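A.B. asks: Handing you a structure now.
In the working numbering, the protein residues as written are 19 to 293.
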């Protein structure tokens with residue numbers, strides 16, 4: 019790292035269209051605040067590999083589903099790993115950053131996740147349900163997600179998709195962490211309007227649940243979002259662990275909450291750059 023103010027390449031797709039969410043607004047806000055401590059430049063994810071050598075670190079934020087630019091992302095990842103480039107989040111994540119295999123592994127291990135299989139021989143491990151969710155292993159942002167009846171599963175479970183029971187959950191809740199430190203939680207009271215989030219006050223048991231998955235992921239630095247649903251029996255079940263570019267829904271927080279998150283992120287980036 020240079021002796022001057024750290025130079026950070028901030029990767030974002032400001033124009034990415036997301037239902038009920040404004041990715042660009044969030045990154046405009048974050049970069050406006052991070053400039054107090056870092057020299058920043060913003061770039062589209064397709065341009066990151068070509069530009070990153072001029073910076074002390076690359077921060078990947080709201081860059082959209084990798085499927086939209088898979089070739090460029092693979093080139094960026096290979097080049098960053100080969101050059102030892104500091105990438106935040108670090109490229110060693112075991113969750114969504116590495117695909118959806120972790121849901122199968124965690125489910126097979128009996129951890130509190132939505133039961134998940136990918137082959138016909140394993141369908142018997144799923145609880146009976148009226149409908150089932152089938153989604154591509156390489157999917158993101160609900161791309162390719164289907165809701166089907168049980169009689170279709172044997173033909174669809176070909177190893178390229180995840181199969182899960184459709185759970186009549188009470189609500190979805192997300193827990194947001196910087197490094198291993200909990201920051202805030204948000205939930206969607208109406209399952210049909212998942213993008214309308216409100217602050218959520220987690221219990222001690224809720225935080226133990228969420229922190230367990232953050233610990234499992236073994237990332238020393240970075241932002242992680244633990245998405246869960248409240249099952250009919252009252253348990254929380256993991257929906258996904260987003261460790262690549264989790265949207266933060268900062269607009270659902272009050273000013274104090276946003277200030278607290280910015281302060282935590284700033285401290286984390288300084289530790290990351292000097293570690």
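Where is the CB? At the ideal position from N, CA and C, for every residue including glycine. These numbers were taken from a predicted model, which means no experiment stands behind them.
Closer than 6 Å by C-beta to residue 262: which residues in its own chain qualify, once you throw out the five before and the five after it? Chain order, please.
C.D. replies: On the chain shown, residue 262 is found 244 positions in, with the first residue counted as 1. Annotation for residue 262: 114, 115 place their beta carbon closer than 6 Å to its own, counting only its chain and skipping 5 residues before and after.
A.B. asks: Alpha carbon to alpha carbon, how far is residue 278 from residue 270? Give it in angstroms, no decimals.
C.D. replies: To locate residue 270, count along the chain shown from 1; it is residue 252. To locate residue 278, count along the chain shown from 1; it is residue 260. Each residue's alpha carbon lies about 14 Å from the other.
A.B. asks: Hey, could you find the ends of the alpha helix (DSSP H) residue 30 is sitting in?
C.D. replies: By 1-based counting over the chain shown, the position of residue 30 is 12. Element bounds for residue 30: n/a, residue is neither H nor E.
A.B. asks: Closest by CA to residue 212, which one among 166, 81, 267?
C.D. replies: Walking along the chain shown from the start, residue 212 turns up at place 194. Among 166, 81, 267, the Cα nearest to that of residue 212 belongs to 267.
A.B. asks: Provide the residue span of the alpha helix (DSSP H) that contains residue 226, from first to last.
C.D. replies: In the chain shown, residue 226 corresponds to position 208, counting from 1. Unbroken alpha helix (DSSP H) run through residue 226: 222-235.
A.B. asks: Spatial neighbours of residue 42 within its chain, please: C-beta separation below 6 Å, excluding the five flanking residues on both sides.
C.D. replies: The sequence position of residue 42 within the chain shown is 24, counting from 1. Hits under 6 Å: 32.
A.B. asks: Is it true that the CB of residue 196 sits closer than 8 Å to the CB of residue 241?
C.D. replies: Translated into positions along the chain shown, residue 241 becomes position 223. Translated into positions along the chain shown, residue 196 becomes position 178. The answer is yes: Cβ separation under 8 Å.
A.B. asks: Within this structure, are the beta carbons of residue 237 and residue 108 separated by less than 8 Å?
C.D. replies: Sequence index remark: in the chain shown, residue 237 carries index 219 (1-based). Sequence index remark: in the chain shown, residue 108 carries index 90 (1-based). Taking 8 Å as the Cβ cut-off, residue 237 and residue 108 qualify as a contacting pair.
A.B. asks: Are residue 45 and residue 79 close, meaning C-beta to C-beta below 8 Å?
C.D. replies: The count along the chain shown starts at 1 and reaches residue 45 at position 27. The count along the chain shown starts at 1 and reaches residue 79 at position 61. Cβ distance < 8 Å, so residue 45 and residue 79 count as in contact.
A.B. asks: Using 8 Å as the Cβ pair cut-off and three pairs as the minimum, do the segment 118-136 and the segment 86-102 touch?
C.D. replies: no
A.B. asks: Return the chain-ordered list of same chain residues with a C-beta closer than 7 Å to the C-beta of residue 286, the five sequence neighbours on each side being excluded.
C.D. replies: Position 268 of the chain shown holds residue 286. Same-chain partners within the cutoff: 196, 197, 239.
A.B. asks: Taking the continuous alpha helix (DSSP H) assigned at residue 89, which residues delimit it?
C.D. replies: Within the chain shown, residue 89 is the residue found at index 71, counting from 1. Here the alpha helix (DSSP H) through residue 89 covers 88-101.
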